[in-house]
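K.L.:
Residue numbers (the working numbering), protein chains in the order written: chain A, 2 to 283; chain B, 634 to 884.
We treat Cβ as the ideally placed atom computed from N, Cα and C, and that holds for glycine.
This is the structure I want to talk about, given as structure tokens.
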Amino acid sequence: MMDARTKEKIAFNVLLALTLLVILPVALIVGVILWRGLPAITPEFLFAMPREGMRAGGIFPAIVGTFYLILGVAFFSIPLGVLAAIYLNEYSERNRLTRLIELAIINLAGVPSIVYGLFGLGLFVTFLGFGSSILAGALTLTIEGLPVIITATREALNTVPRSFREVSFSLGASRWQTVRHVVLPNAIPGIMTGAILELSRAAGETAPILFTVAAFYLPRLPQSVYDQAMVLPYHIYVLSTQVPNVSVKVQYGTVLVLVGMVFLLNVLAAWIRARLRKKKTW
Amino acid sequence: MNNIITTDRLDLYYGAFQALINVGLNVEQNKITALIGPSGCGKSTLLRVFNRMNDLIEGVRTTGSVKVGGEEILGPGVDLVSLRKKVGMVFQRPNPFPLTIYENVVYGLRIHGEKDRKVLDQAVEKSLSSVLLFADLKDKLSSNALSLSLEQQQRLCIARLLAVLPEVLLMDEPCSALDPLATMRIEELMLELKKRYTIVIVTHNMQQAARISDECGFMLLGELVEFGPTKRIFTAPKDKRTEDYITGRFG
Ligand SMILES: Nc1ncnc2c1ncn2[C@@H]1O[C@H](COP(=O)(O)OP(=O)(O)O)[C@@H](O)[C@H]1O
Ligand SMILES: [Mg+2]
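So, in structure tokens, the structure goes:
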């Protein structure tokens, strides 16, 4: 028979091993990407146009394209998502319409991303005539990301104590004044965290941009929102399956840049969250 | 006698549940009116009728008549901003905003469009002086209000309310989060404030009601059982239920 302490020890070690097992794939992936990709990272790789059918030179247009696209997503999705969340949380009464909206939000979050891609192709590219463009891609990603931003914003709004709102109303403030001066300032770090995480997710999306913005090869920077653009996720796909004889170094270098971008956004979100924790005292 | 708040046949429903039943009372100017009664009898609900705070709760229906300064405040079309400026509220838990002391006091003024720094400064000095905080805090107006003690926070909340120049102060168990000494000092403050304001206070503390109020109402299960001068309520209650309550036979 084992005594309780031995059992406890075994249980602890088994759990530890299982946890490490979870970390293992992540560590492996990151390790391989760094090991294979780091040698590719040179100023030329980051800031030059691709050459020799994308087998040499840099990936500058894909970096800039991704950046513009994310900027576009932020431009549309943050105001829309935050305003929708404010409406649902602070203004609307719970009735059939708001319940329907909430149901829609939950279900939208479960739609496969290729469906958004095809929806964007149908609505923005073809029907509204934006063509394959940064505008169409950003709007498509916005629609895909809205449920997340709305949900994150509502959570942030809900962390602001009810009593703050009550005091504000009791001093004669209107609903908008209360939202503007009491609720939002206290919710903004939470909203930003959610929004940035959503943007970092959007940066890595491939299916929704496939037909709506991504250019196979475009060795110049986009000139307007109606331009197509090279974007990192699609570029990685192209490098690894569509162009023969691309060096492994270039492939992994591109992957490293995308992962780095997403990682930086996540770090930013974590930093804001940590600051929020420190400041919060109610 | 000068009645500033009058209610008549006031009923209030939370959905199907009737929380106030046929309440009729008069609140006199520059007096402290206390509402006592066991927990859940509708004291807070009644208090929140006077500045229409129940509007924020979905499914609330109020019927009857409530007049403030002679004007009917129930029904649509009432200017809630000016009502709430006139009839302000102090809550059970001190609830300053996580802002500086200064910004807390001027919140209401800023909301109502005051931008003149001089006016704001004066309001801060005046309001904080009224709650006897100015001397202590005048050098740390820019520190966070949440760093104050609970008693100071509650005083600050009163100051924040005084800054918008109300006439009536509704206080919902304002001392329930405070220790006995702080409670006593807030009571002294109320006696001081009643010279300039009308105070309606909800309290589950009968001694407090007896100590500071001029008029007193006893509520039970949504009804205002008895209402009158505090002294008479506590010495010669007319209703058996009031007597049972103040002698501690239930509650
Ligand atoms: N928002 C609400 N929705 C439904 N019922 C409520 C609500 N607020 C209070 N009540 C009910 O109304 C009654 C009176 O509540 P309240 O005014 O808070 O009592 P008191 O302040 O005297 O303790 C209680 O039975 C309570 O359960
Ligand atoms: Mg109460």
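(1) Using a Cβ cut-off of 7 Å, which residues of the stretch 704-722 of chain B contact any Cβ in chain A, in chain order?
(2) Give every residue of the same chain whose Cβ lies closer than 7 Å to the Cβ of A/Phe170, excluding the five residues on either side of it in the sequence, and list them in chain order.
(3) DSSP on B/Gly884, reduced to helix/strand/coil?
(4) Quick check on A/Leu140: buried or exposed, where buried means 16 or more other Cβ atoms within 10 Å of its Cβ?
(5) Report the partner residues of B/Val651 according to the DSSP bridge assignment.
(6) Assuming the contact rule is C-beta atoms closer than 8 Å, A/Met55 and A/Leu240 should be a hit. Round their C-beta distance to whole Å, please.
(7) Which whole runs of the alpha helix (DSSP H) in the stretch 52-90 of chain A are 4 residues long or more, in chain order?
(8) Would you kindly work out how many angstroms separate the C-alpha atoms of A/Ala216 and A/Leu136, rounded to a whole number?
(9) Among the residues of its own chain, which have a CB less than 8 Å from the CB of B/Val738, if the five just before and after it don't count?
(10) Under the three-state reduction of DSSP, which class applies to A/Ile42: helix, strand or coil?
(11) Return helix, strand or coil for A/Pro209, following the three-state DSSP convention.
(12) Any residues in the stretch 659-693 of chain B with a beta carbon nearer than 8 Å to a beta carbon of chain A? Which ones, in chain order?
(13) Which residues in the same chain as A/Arg155 place their Cβ atom closer than 7 Å to its Cβ, once the five residues preceding and following it in sequence are excluded?
(14) Shorter than 8 Å from the beta carbon of A/Arg155 to some beta carbon of chain C?
(15) Please name the residues in the stretch 744-756 of chain B whose beta-carbon is closer than 7 Å to at least one beta-carbon of chain A, in chain order.
(16) Any heavy atom of ligand 1 inside 7 Å of the beta-carbon of A/Val149?
(17) Taking the straight line between their C-alpha atoms, what separation do you get for A/Pro113 and A/Phe264?
(18) Between the stretch 58-76 of chain A and the stretch 230-240 of chain A, are three or more C-beta pairs nearer than 8 Å?
(19) Can you name, in chain order, every residue of its own chain whose Cβ lies under 6 Å from the Cβ of A/Leu307, other than the five neighbours on each side?
(20) With H, G and I counted as helix, E and B as strand and the rest as coil, what does DSSP make of B/Ala778?
(21) For B/Arg694, report the span of its beta strand (DSSP E) as first-last.
(22) Classify B/Met852 as buried or exposed, calling it buried when 16 or more other Cβ atoms lie within 10 Å of its own Cβ.
(23) Quick one: give me the first and last residue of the beta strand (DSSP E) that B/Gly850 is part of.
P.N.:
Let me spell this out:
(1) Cβ contacts with chain A come from Val714, Arg717, Lys718, Gly721, Met722.
(2) Result list for A/Phe170: Thr179, in chain order.
(3) In this predicted model, B/Gly884 has a pLDDT of only 49, less than 50, meaning its place in the structure is not dependable enough to derive any value.
(4) That one is buried.
(5) First, the residue type needs correcting, since residue 651 of chain B is Gln and not Val in the sequence shown. Under DSSP, B/Gln651 takes part in a beta bridge, and its partners are B/Tyr646.
(6) Between the beta-carbon of A/Met55 and that of A/Leu240 there is about 6 Å, and that keeps the pair under the 8 Å contact cut.
(7) Correct list: 61-87.
(8) Rounded to the nearest whole angstrom, the CA to CA distance from A/Ala216 to A/Leu136 is 14 Å.
(9) Its chain contains Ala756, Val757, Ser760, Leu761, Leu789, Ala792, Arg793, Ala796 as the residues whose beta carbon lies nearer than 8 Å to that of B/Val738, once the 5 sequence neighbours on both sides are disregarded; these appear in chain order.
(10) DSSP places A/Ile42 in coil when its eight states are reduced to three.
(11) Helix, per DSSP.
(12) The stretch 659-693 of chain B vs chain A, Cβ under 8 Å: Asn684, Met686, Leu689, Glu691.
(13) Scanning its chain for C-beta atoms nearer than 7 Å, with the 5 sequence neighbours on each side dropped, one finds around A/Arg155 the residues Ala86, Leu89, Asn90, in chain order.
(14) The structure shown contains no chain C; its protein chains are A and B.
(15) Residues Ile744, His745.
(16) Checking the 7 Å criterion, the Cβ of A/Val149 is out of range of every heavy atom belonging to ligand 1.
(17) When rounded, the separation of the alpha-carbon atoms in A/Pro113 and A/Phe264 is 24 Å.
(18) With a cut-off of 8 Å, the stretch 230-240 of chain A and the stretch 58-76 of chain A count as touching, because enough Cβ pairs lie within range.
(19) Residue 307 of chain A lies beyond the stretch modelled for chain A, which goes from 2 to 283, so this question has no answer here.
(20) Assigned with DSSP and collapsed to three states, B/Ala778 falls in helix.
(21) Boundaries of the beta strand (DSSP E) around B/Arg694: 693-701.
(22) Classification of B/Met852: buried, given that the 10 Å Cβ count is 16 or more.
(23) Secondary structure note for B/Gly850: its beta strand (DSSP E) is the uninterrupted segment 848-853.
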